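Undergrad: One structure, pasted below without further comment.
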DNA sequence: GTTGAGCGTT
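Numbering (this note's numbering), first residue to last: 8 to 130.
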């Protein structure tokens with residue numbers, strides 16, 4: 008199994024596209040494109056795990072520098088995941104109690120212009 | 001409707 012790092016991807020490229028592309032050079036065990044966690048948009052790079060290093064090298068040599076939508080792909084061997092923490096486990100949120108914090112003087116009488124004068128002329 | 005270096009789960 009060989010990990011491949013693909014960068015300089017177009018923002019519209021999906022994992023399926025990578026998988027399909029790399030499948031032409033060998034068996035793709037894993038295909039993943041990293042997305043923005045905020046905007047849910049693609050970061051423009053992803054990962055591919057191929058079954059054999061032979062197909063991986065072939066794919067790298069074939070796809071590296073490939074011009075896609077005016078940009079050339081950057082395909083290379085990926086770094087180990089162990090260098091960086093994959094993910095933070097979901098943390099359970101403690102009691103979030105909503106405290107009604109009233110500030111002194113906050114309830115001061117709001118000026119009501121209409122209240123000071125009666126428009127109704129009752130005579 | 002936007003943006004563009006870099007290495008992992010949106």
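Glycine included, each C-beta is placed from N, C-alpha and C at the ideal position.
Owing to the predicted nature of the structure, the values given are computational and were not obtained by experimental measurement.
Alpha carbons only, please: which of 15, 32 and 19 is nearest the one belonging to residue 61?
TA: Here residue 61 corresponds to residue number 54 of the first chain, with the count starting at 1. The option with the nearest alpha carbon to residue 61 is 32.
Undergrad: Can you tell which of 45, 88 and 70 has the C-alpha that lies nearest to the C-alpha of residue 30?
TA: Walking along the first chain from the start, residue 30 turns up at place 23. When only C-alpha atoms are compared, the closest one is 70.
Undergrad: Compare the beta carbon distance of residue 7 and residue 67 with 8 Å and say whether it is the shorter of the two.
TA: Given that the chain is displayed from residue 8 to residue 130, the structure contains no residue 7 and the question cannot be resolved.
Undergrad: Less than 8 Å separating the beta-carbons of residue 54 and residue 14?
TA: Counting from 1 along the first chain, the entry for residue 54 is found at position 47. Counting from 1 along the first chain, the entry for residue 14 is found at position 7. In this structure, residue 14 does not lie closer than 8 Å to residue 54 by Cβ.
Undergrad: What is the DSSP secondary structure of residue 65, counted as helix, strand or coil?
TA: Start at 1 with the first residue of the first chain, and residue 65 comes out as number 58. DSSP places residue 65 in helix when its eight states are reduced to three.
Undergrad: If you draw a straight line from the alpha carbon of residue 59 to that of residue 11, how long is it in whole angstroms?
TA: For the purposes of this step, residue 59 is taken as the residue at position 52 of the first chain. For the purposes of this step, residue 11 is taken as the residue at position 4 of the first chain. In a straight line, the C-alpha of residue 59 is about 11 Å away from that of residue 11.
Undergrad: Who are the near neighbours of residue 72 in its chain, counting only those whose CB is closer than 6 Å to its CB and skipping five residues on each side?
TA: Position 65 of the first chain, counting from 1, holds the residue named residue 72. Contacts found: 79.
Undergrad: My parser needs the beta strand (DSSP E) runs of 3 or more residues fully inside the segment 17-87; what are they?
TA: 35-42, 49-57 and 81-84
Undergrad: Could you tell me the alpha carbon to alpha carbon distance between residue 18 and residue 40, rounded to whole angstroms?
TA: Translated into positions along the first chain, residue 18 becomes position 11. Translated into positions along the first chain, residue 40 becomes position 33. Cα-Cα distance, rounded: 10 Å.
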